[in-house]
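Student: My structure is below; once you've seen it, I'll send some questions.
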Amino acid sequence: MSTSAASKPSFANIGQAYHLALAGAAGALFGLYLYVELVSAQSVYVRDAFAGVAIGGAVGFFLNSSGPFRDGAWLKLARAATWGAIAGAIGGAAGLVLGEFVIGWFRGGLIGRAVSWAVLGLAIGISQGLAERSTQRLAYGVLGGTIGGAVGGFLFEALRLLFGNRYDLSQSLGIVILGAGLGIFLALVEQALRRAWVLVLSGRQEGRSYLLSRPKSALGLDERAEVGLFADPLIARRHAEIETTSRGYVLRNHAEAGRTLVNGKPVPLEVLLNDGDRITLGQTQILFRRR
Numbered sequence: 006m007s008t009s010a011a012s013k014p015s016f017a018n019i020g021q022a023y024h025l026a027l028a029g030a031a032g033a034l035f036g037l038y039l040y041v042e043l044v045s046a047q048s049v050y051v052r053d054a055f056a057g058v059a060i061g062g063a064v065g066f067f068l069n070s071s072g073p074f075r076d077g078a079w080l081k082l083a084r085a086a087t088w089g090a091i092a093g094a095i096g097g098a099a100g101l102v103l104g105e106f107v108i109g110w111f112r113g114g115l116i117g118r119a120v121s122w123a124v125l126g127l128a129i130g131i132s133q134g135l136a137e138r139s140t141q142r143l144a145y146g147v148l149g150g151t152i153g154g155a156v157g158g159f160l161f162e163a164l165r166l167l168f169g170n171r172y173d174l175s176q177s178l179g180i181v182i183l184g185a186g187l188g189i190f191l192a193l194v195e196q197a198l199r200r201a202w203v204l205v206l207s208g209r210q211e212g213r214s215y216l217l218s219r220p221k222s223a224l225g226l227d228e229r230a231e232v233g234l235f236a237d238p239l240i241a242r243r244h245a246e247i248e249t250t251s252r253g254y255v256l257r258n259h260a261e262a263g264r265t266l267v268n269g270k271p272v273p274l275e276v277l278l279n280d281g282d283r284i285t286l287g288q289t290q291i292l293f294r295r296r
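Heads up: take any position in the sequence shown, counting from 1, add 5, and you land on this note's numbering.
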């Protein structure tokens, strides 16, 4: 494999973490804005519940929308964003209300805040699996979301104490760190634990990485495909699929002869994939990776 090809996966990993961190931070700030502008309640528990709904729902929406938005897959975006917003809102409300009890139990804010936001992160992680209908994505999301939420919540409370309870400053910085932390840890856990994935080497989605988390992953122009490849006139709606079998990962061709290649050789029906194989669909090249 050439040096440039070998370097692309690392750049793709950094790019995925960056985009999820950016989406998480933007969602957290938007949720904070909604909370400040729309919520006014005397009860601390009611206030925390509404804050959790606003912040958690916005973070979940933005994180789950990031990938489909970059792909221009609007149907997938609608499904993912809906699951993200619902699960994030539920987790946010439960997390912040739970945090009040935990803070009282520990008589201190750092642990309580970390536990409360871990619940939010767990819920957003669950939404990742629900949106993709994948138990593997669910497991990665739960772990990454819980760690990211805990770290973000801990730093949120630390900043609040550092700035002497100046909520106007510490709250904004803490919320940004929380959202970014969720995005980063969701990406890092997936990258550390994933077993098989593909990296787009050319085309409109160059640099995008797709987890092969289901028994069968479709590749093609269809927005419902697990690996949606767009803006290539030679790619069919259901061009091919990669299936997990007892032999390993098998690529099955569903397109016309000559439009699916592996390492430059046409695939008539199916071929067993090896780590590092280059797959050409139409005019688009992708790299198959597995551990």
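Cβ atoms here follow ideal geometry from the backbone N, Cα and C, with glycine treated the same way.
Between the beta-carbon of L148 and the beta-carbon of V124, is there less than 8 Å?
Tutor: No, they are not a contact pair.
Student: Which full runs of the alpha helix (DSSP H) of 4+ residues lie inside the segment 8-83, going along the chain?
Tutor: Within the segment 8-83, the complete alpha helix (DSSP H) runs of at least 4 residues are 8-43, 49-76.
Student: Counting pairs of Cβ atoms below 8 Å between the segment 225-240 and the segment 182-189, do you hit three or more?
Tutor: Taking 8 Å as the limit for Cβ pairs, the verdict is that the segment 182-189 does not touch the segment 225-240.
Student: Thinking just about the alpha-carbon of each residue, which of G281, S121, R138 is nearest to the one in V203?
Tutor: Nearest option by C-alpha distance: G281.
Student: For I116 and G109, I'd like the C-alpha separation in whole angstroms.
Tutor: When rounded, the distance between both Cα atoms is 10 Å.
Student: Consult DSSP for R118 and reduce its assignment to one of helix, strand or coil.
Tutor: In this structure, R118 counts as helix in the three-state DSSP scheme.
Student: Is G100 near G57, with beta carbons less than 8 Å apart?
Tutor: Cβ atoms of G100 and G57: closer than 8 Å.
Student: Could you check if Y50 is buried or exposed, using at least 16 other CB atoms within 10 Å of its CB as the buried criterion?
Tutor: It is exposed - the Cβ of Y50 has fewer than 16 other Cβ atoms within 10 Å.
Student: Determine the burial state of K221: buried for a count of at least 16 other Cβ atoms within 10 Å of its Cβ, exposed for fewer.
Tutor: Looking at its Cβ environment, which holds fewer than 16 other Cβ atoms inside 10 Å, K221 is exposed.
Student: Mind checking which residues open and close the beta strand (DSSP E) that includes G169?
Tutor: Careful: G169 lies outside any beta strand (DSSP E) and carries neither H nor E.
Student: Ordered along the chain, which non-local residues of its own chain (more than five positions away) have a Cβ less than 8 Å from that of V156?
Tutor: Excluding positions up to five away in sequence, the list reads A119, G186, F190.
Student: Look up L278 in the DSSP assignment and say whether it is helix, strand or coil.
Tutor: Note: L278 maps to coil in three-state DSSP.
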